[in-house]
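This report concerns only the one structure given below.
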Amino acid sequence: MEVFYDVLKQLIRIPSVVGAEHSFFMFVKRELEEIGIKVEYYDGVLVAKGDEPQSGYMSAHADRHGLICTGHNEFQYAAFIAKNRADLTGDSNSEQMLHNFTSRFVDEKVQAYQPWSGNYLGLGVIKEAFLCQRRNNIIFKVEGFDHLFPGTPIAFVDKLEIKDNLISAQLDNVVSVAIMIYMYHIGYKGTAFFTASEEAGKSWRFLLEWFRRFNISTDELLVLDTSPYASLEDINNLDIVLRNRDSNAVFRSPLKNKIKNIAIEENIKYHFKDAYLKNKMSQTKTTGSLGTTELGRLIKATKGSIQGSTLQLPTIGYHTANETTSIRAVESMITVLKRLYVDAD
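Counting from 1 along the sequence shown, just add 2 to a position and that's the residue number in the numbering used here.
If you want it as structure tokens, here you go:
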């Protein structure tokens, strides 16, 4: 696992604000090409191919939350500025959270960078964050950035912390990117997709375009991500998170039962997030969203010609620089992927 943590530590330091992922993609491209993996770059998606590209299809989004300069000394949450919005309808968990998490940004260190080259443009500190109802976005006051031009991306300053069998950082979704790179190190021969703009609800379109470009369909697309929970207690007895569906579509893939069987054999603790959410809603007599995923949007758009499954790490502190999961959860996800794609050979 040393190689995995080396990769993760490096990736976390490379900014990848939603809509400004190019320099991060270039870093991933180099990492993979150094170990002999063929990498192709298309609009919104970096595609890695092993020696047997059809032996597996894994996907993870490469973008992370951050800010964008939108005027002199004006900064907005990047995922929700008008030009980044896709089919945001107000019912996704991240949109609902928009109304609840302004205070946690105060005193966070942030770094500005050139969107194309990734060159560092300076360090700042968030002094205030408030929800503007007219623009339905968080507006930030940042100290130290009065020289920046509109369009400049600003990432949270981040590093990996490992303590008490937990790992913390802005894990969503750099941890899945690191896992996919690590899979190539240990013998994965299939295809991996690194997508842009998932946090703005757009990544599925880039993925769809790739499948249509080559007239490829599959019922075994595996999408890796993190999945939010309220407290450490909620994730203490949970290693991986599966789904039968999200708010957009039912997931019908052989992968679901394969993963479930591997989990049982390996004593990996799992549950189905949609069932968990339904149960929670029935207990509290409330109604809410089952969540939206990249995969659900893709299945709905293709009327099921692309199908697959999700495999997620349970985390707390979702969409913060201190998102936390257990080392056991990370190792469980890697165990599942090894059994699916490497040991199977």
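Cβ atoms here follow ideal geometry from the backbone N, Cα and C, with glycine treated the same way.
Report, in whole angstroms, the separation of the C-beta atoms of residue i and residue j, which I expect to be a contact under 8 angstroms.
{"i": "Gly73", "j": "Pro17", "result": "Their Cβ separation, rounded to whole angstroms, is 21 angstroms, which puts Gly73 and Pro17 out of contact at 8 angstroms."}
{"i": "Ala346", "j": "Gly298", "result": "That pair is no contact at about 26 angstroms."}
{"i": "Phe216", "j": "Gly46", "result": "Going by Cβ atoms, the distance from Phe216 to Gly46 rounds to 15 angstroms, so no, they are not a contact pair."}
{"i": "Gly293", "j": "Ser249", "result": "6 angstroms"}
{"i": "Glu54", "j": "Gly192", "result": "6 angstroms"}
Can you tell me whether residue i is buried or exposed, with buried defined as 16 or more other CB within 10 angstroms of its CB?
{"i": "Arg247", "result": "buried"}
{"i": "Lys282", "result": "exposed"}
{"i": "Leu234", "result": "exposed"}
{"i": "Tyr184", "result": "buried"}
{"i": "Ile188", "result": "exposed"}
{"i": "Asp160", "result": "buried"}
{"i": "Lys275", "result": "buried"}
{"i": "Thr295", "result": "buried"}
{"i": "Asp93", "result": "Here Asp93 scores only 49 on pLDDT, less than 50, and its place in the model is too uncertain to base an answer on."}
{"i": "Thr288", "result": "exposed"}
{"i": "Tyr343", "result": "buried"}
{"i": "Val65", "result": "For the record, residue 65 in the displayed sequence is Asp; it is not Val. Asp65 is buried by the Cβ-count criterion."}
{"i": "Val30", "result": "buried"}
{"i": "Ser205", "result": "buried"}
Please tell me whether residue i and residue j are closer than 8 angstroms, where the distance is taken between their beta carbons.
{"i": "Glu325", "j": "Thr228", "result": "yes"}
{"i": "Asn175", "j": "His63", "result": "yes"}
{"i": "Lys11", "j": "Leu257", "result": "no"}
{"i": "Val225", "j": "Ser334", "result": "no"}
{"i": "Ser291", "j": "Gly21", "result": "no"}
{"i": "Phe142", "j": "Phe107", "result": "yes"}
{"i": "Val112", "j": "Val144", "result": "yes"}
{"i": "Tyr231", "j": "Thr322", "result": "no"}
{"i": "Glu222", "j": "Gly310", "result": "yes"}
{"i": "Leu48", "j": "Val177", "result": "no"}
{"i": "Ile14", "j": "Tyr186", "result": "no"}
{"i": "Ile169", "j": "Val332", "result": "yes"}
What is the rounded straight-line gap between the Cα of residue i and the Cα of residue j?
{"i": "Ile218", "j": "Gly58", "result": "13 angstroms"}
{"i": "Ala114", "j": "Gly126", "result": "8 angstroms"}
{"i": "Arg245", "j": "Tyr272", "result": "10 angstroms"}
{"i": "Phe173", "j": "Ile181", "result": "Residue 173 is actually Leu in this sequence, not Phe. Each residue's Cα considered, the two are about 12 angstroms apart."}
{"i": "Ile301", "j": "Phe132", "result": "36 angstroms"}
{"i": "Gln285", "j": "Tyr278", "result": "11 angstroms"}
{"i": "Val19", "j": "Ala157", "result": "6 angstroms"}
{"i": "Val338", "j": "Phe82", "result": "34 angstroms"}
{"i": "Leu210", "j": "Met28", "result": "22 angstroms"}
{"i": "Ser119", "j": "Ile308", "result": "34 angstroms"}
{"i": "Asn269", "j": "Asn139", "result": "43 angstroms"}
{"i": "Glu267", "j": "Tyr122", "result": "47 angstroms"}
{"i": "Asp8", "j": "Arg330", "result": "17 angstroms"}
{"i": "Asp109", "j": "Phe213", "result": "43 angstroms"}
{"i": "Lys262", "j": "Cys71", "result": "44 angstroms"}
{"i": "Leu313", "j": "Phe195", "result": "15 angstroms"}
{"i": "Gly52", "j": "Gln135", "result": "47 angstroms"}
{"i": "Gly319", "j": "Thr327", "result": "9 angstroms"}
{"i": "Glu130", "j": "His67", "result": "17 angstroms"}
{"i": "Arg341", "j": "Asn75", "result": "50 angstroms"}
{"i": "Thr304", "j": "Lys165", "result": "43 angstroms"}
{"i": "Arg254", "j": "Thr220", "result": "11 angstroms"}
{"i": "Ile128", "j": "Ala80", "result": "15 angstroms"}
{"i": "Asn259", "j": "Val243", "result": "13 angstroms"}
{"i": "Ser25", "j": "Tyr44", "result": "14 angstroms"}
{"i": "Arg137", "j": "Ser105", "result": "18 angstroms"}
{"i": "Asn238", "j": "Lys280", "result": "20 angstroms"}
Under a CB-based cut-off of 8 angstroms, is residue i close to chain C?
{"i": "Ile181", "result": "Among the protein chains of the structure shown there is no chain C, as only one such chain exists."}
Exercise. Would you call the stretch 139–157 and the stretch 33–42 in contact, with 3 or more CB pairs under 8 angstroms?
Worked result: no
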